[in-house]
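J.:
Numbering (my numbering), first residue to last: 956 to 1230.
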């Protein structure tokens, strides 16, 4: 058996000789071919237990977001872990009489009701948008010879996630063999500061609304500006004590205070519309 299942003989032999246990697992998740072969040996004491197995028909699509389950069907990563309590069936305890040898009697006329199924979790992800995002991330990753790439597509009106992807992708049907760092959904587990990329949208909105021009000048408060009980500061106030900057200079120097002033002039409603 050890040779057929590619298992070391001595540890297997030691486990089989352990008389303190009435039941041991030899190997789980056998292939049908392995099961049929071992069953044909008609070896006394060997039995087979059918277990449910999670199958992912779309393969690697949405892989790190969905996550995967362990051999017991318990979620270990991603949404499988996040919603594990909702997805798993409810445990049910049944009291049964035992015979003189302590074996439970299952045929005493009692009715054993089925265990209720777990709940369904419906995502807002769009299959086609997800596929397109993953394809584009692969293209960008190869173009810049990067180790990985992440991306998300959201509905700006509702904040619903239409797609979320990490590449390289992994095949969840073989998830336990994949390195841990590749299984992680980095979009939600790793910190990515939006940073100065948002300044381009704010200033573009101001230009589109004809509130300013590239040469419009803003006073940048010497690098610090108080809003309510909070402060907006430049990245390095000791070196970036900006006074008057044009819109072009605000972008070139990545001024936090300057971009904030443009944002206030644009206003929340127009900024929301721009974004």
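We put the CB at the ideal spot given by N, CA and C, even for glycine. All values derive from a computational prediction rather than experimental measurement.
Taking C-beta to C-beta, are residue 1108 and residue 1079 nearer than 8 Å?
T.: No, the Cβ-Cβ distance between residue 1108 and residue 1079 is not below 8 Å.
J.: I'd like to check one pair, residue 1165 with residue 1187: are the Cβ atoms closer than 8 Å?
T.: Contact: no.
J.: Here's the rule I'm using: 16 or more other beta-carbon atoms within 10 Å means buried, otherwise exposed. How should residue 1017 be labelled?
T.: By the 10 Å Cβ count, residue 1017 comes out buried.
J.: Could you name the residues of the same chain whose beta carbon sits closer than 7 Å to that of residue 1123, not counting the 5 residues immediately before and after it, in chain order?
T.: Around residue 1123: 1103, 1137.
J.: Counting C-beta neighbours from all protein chains within 10 Å, is the total for residue 1119 16 or more, i.e. buried, or is it exposed?
T.: Label assigned to residue 1119: buried.
J.: Would residue 1099 be called buried (16 or more neighbouring beta carbons within 10 Å of its own) or exposed?
T.: Counting Cβ neighbours within 10 Å, residue 1099 comes out exposed, since fewer than 16 surround it.
J.: Nearest by alpha-carbon distance to residue 1044: which of 1058, 1196, 1072 is it?
T.: Looking at the Cα atoms, 1072 is the closest of the given residues.
J.: So the candidates are 1230, 977, 1153; which of them puts its Cα closest to the Cα of residue 1213?
T.: Measuring from the Cα of residue 1213, the nearest candidate turns out to be 1153.
J.: Can you tell me the Cα-Cα spacing of residue 1031 and residue 1082, whole angstroms?
T.: If you take the alpha carbons of residue 1031 and residue 1082, they lie about 23 Å apart.
J.: On a Cα-Cα basis, can you pick out the residue from 1222, 1226, 1181, 1168 that is closest to residue 1204?
T.: It is 1168.
J.: If you follow the beta strand (DSSP E) that residue 1120 is in, where does it begin and where does it stop?
T.: First-last of the beta strand (DSSP E) with residue 1120: 1116 to 1122.
J.: Is the segment 1171 to 1179 close to the segment 1195 to 1202, with three or more CB pairs under 8 Å?
T.: Cβ pair count under 8 Å is three or more, so yes.
J.: Taking the alpha carbon of residue 1035 as the reference point, which residue from 1026, 1041, 1027, 1022 has its own alpha carbon closest?
T.: It is 1022.
J.: In terms of DSSP beta bridges, what is residue 1059 paired with?
T.: Paired residues: 1053.
J.: List the endpoints of the continuous alpha helix (DSSP H) containing residue 968.
T.: Unbroken alpha helix (DSSP H) run through residue 968: 964 to 971.
J.: Between residue 999 and residue 993, what straight-line distance do the alpha-carbon atoms span, to the nearest angstrom?
T.: Going by the C-alpha atoms only, they are around 11 Å apart.
J.: With DSSP as the reference, please indicate the residues paired to residue 1109 in a beta bridge.
T.: Per DSSP, 1116.
J.: Under a Cβ-count criterion, where at least 16 other Cβ atoms within 10 Å of its own Cβ denotes burial, should residue 1200 be classed as buried or exposed?
T.: So residue 1200 counts as buried.
J.: Since residue 935 contacts residue 1014 with CB under 8 Å, what's their CB separation in whole angstroms?
T.: Coverage of the chain is limited to positions 956 through 1230, which leaves residue 935 absent and any answer about it impossible.
J.: So, are the CB atoms of residue 1105 and residue 1158 less than 8 Å apart?
T.: Contact flag unset, no.
J.: Can you give me the C-alpha to C-alpha distance between residue 1151 and residue 1191, rounded to a whole angstrom?
T.: Cα to Cα, the separation comes out at about 14 Å.
J.: Under a three-way DSSP split, which group does residue 1179 fall into?
T.: Looking at residue 1179 - three-state DSSP - the assignment turns out to be strand.
J.: I'd like to check one pair, residue 1111 with residue 1206: are the Cβ atoms closer than 8 Å?
T.: Not a contact, by the Cβ cut-off of 8 Å.
J.: Assuming residue 1074 and residue 1051 make a contact with CB atoms under 8 Å, what is their CB distance in whole Å?
T.: Incorrect: roughly 28 Å between the Cβ atoms, too far for contact.
J.: Taking Cβ to Cβ, would you say residue 1008 is nearer than 8 Å to residue 984?
T.: In this structure, residue 984 lies closer than 8 Å to residue 1008 by Cβ.
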